[in-house]
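Data first, discussion second: the structure below is written as structure tokens.
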Amino acid sequence: MVEFVTVINQVITLFVILVVGIIAGKFKILDSIGIKKLSEVLLYITSPMLVLSSFSVEFSGDKIINILWVMGMSSVIYIVTILLSKIFYGRFDQQKKPVLRFTMIFSNSGYMGIPLMKALFGNEGAFYGSFLIVVFNIFLWSVGYVMFGGKGTKMQVLKKVVTTPAVIAMYVGLLLLLIGISMPDAVMTAVSSVGDMTMPVSMLIIGGVMSRLKFIDIFKDWRVYFSSFIRLIFMPLLGFLISKIVGMPELPGLIIITALAMPAAANTTIFSEMFDKDSMLASKCVVVSTLLSIITIPIIIYLSML
């Protein structure tokens, strides 16, 4: 379906943009305020536009079945991973345990995953990926939020899930798809152009964050390497095994595996700072897993297509 060289080219592109972000951070072009503003652009503008642009596909009964596969299997994998994370990280102290469990459960499947799905599998790949993000948000704002010590009523949690900008964009795209309305070409081109900025902006942000850390300190902590191994190797292999056992169709299976092959979610650092956990460990896990993913992503995706 996808040539290996295509995967390599996409990952090299990620790395180059990451280096640009590091340089921009080192020269104070991208400072903490700039990173915050870019994060808002990512959350409220580019990511929703990417999701919306993915709905420019022809709707069919097969797509409904594939959507159910993606949402159903991603839910199963989240539940299995939540249980396994207790086994792997249950003995760590309360400052580190939620951070490490979170890195295992939640990948950067939105800001890195969906752009990569679109690049590798076209709009249809991003289309299925947007439904995976719905499941991601359900578990993020329920299990993930509570794991760090967050509290709230069921209605408050539900509100967080259904009002995420990317999820709202999915509602709009799905509505347009179901009633058979297509956006004018000029509008769709604009939406796609803005949406395609998601991956570059996300890598600039990560590069900017990396520029503020001491590289010697980053690579001294064994827990960071273990966390990265679980996130980048164990999790996609687990997804691959489960998808083969249940007989998932090829594209939905590749969508699941691609999402699982992504590095630790940026929310790891956000939640760590929000709830006074080990935010330095969280930043290290996100940075190192992102760096190592440049090597592991092509290998995982290539093996999953054999």
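Per the numbering used here, the very first residue in the sequence shown carries number 1356; after that it's consecutive. Beta carbons: idealized from backbone N, C-alpha and C, even for Gly.
Looking at the DSSP output, Ser-1462 shares a beta bridge with Ala-1619. Under the three-state reduction of DSSP output, Gly-1389 falls in the helix class.
By the Cβ criterion, the stretch 1496-1514 is in contact with the stretch 1618-1638, since at least three pairs of Cβ atoms, one from each stretch, lie closer than 8 Å. Fully contained in the stretch 1570-1627 is no beta strand (DSSP E) run of length 3 or more. For Leu-1636, the closest of Leu-1615, Phe-1581, Ile-1650 and Ile-1656 by C-alpha to C-alpha distance is Phe-1581. Within the model, the alpha-carbon separation for Val-1425 versus Leu-1606 is close to 9 Å. Looking only at Leu-1593, Leu-1609, Thr-1623 and Phe-1570, the smallest Cα-Cα distance to Val-1435 is reached by Leu-1593.
Of the other Cβ atoms in all chains shown, 16 or more fall within 10 Å of the Cβ of Ser-1485; this residue is therefore buried.
Excluding its 5 nearest sequence neighbours in each direction, Ile-1610 has C-beta neighbours in its own chain below 7 Å: Val-1425, Met-1472, Gly-1480, Tyr-1483, Gly-1484 and Leu-1487, listed in chain order.
Between the beta-carbon of Met-1404 and that of Val-1546 there is about 5 Å, and that keeps the pair under the 8 Å contact cut.
Close CB contacts of Leu-1568 within its chain, under the 8 Å cut and outside five residues either way in sequence, are with Ser-1638, Lys-1639 and Val-1642 (chain order). When the alpha-carbon of Ser-1548 is set against those of Gly-1389, Phe-1359 and Val-1406, the nearest one is in Val-1406. Here the stretch 1573-1580 does not lie against the stretch 1550-1564, with fewer than 3 beta-carbon pairs under 8 Å apart. Contact annotation: Ile-1561 and Gly-1376 have beta-carbon atoms nearer than 8 Å.
Around the Cβ of Ala-1614, a 10 Å sphere holds 16 or more other Cβ atoms; the residue is buried. Only residues of its own chain outside the window of five on either side were considered, and among them Lys-1639, Cys-1640 and Val-1643 have a CB closer than 6 Å to the CB of Val-1579, listed in chain order. Close CB contacts of Gly-1499 within its chain, under the 8 Å cut and outside five residues either way in sequence, are with Phe-1457, Ile-1460, Phe-1461, Asn-1622 and Phe-1626 (chain order).
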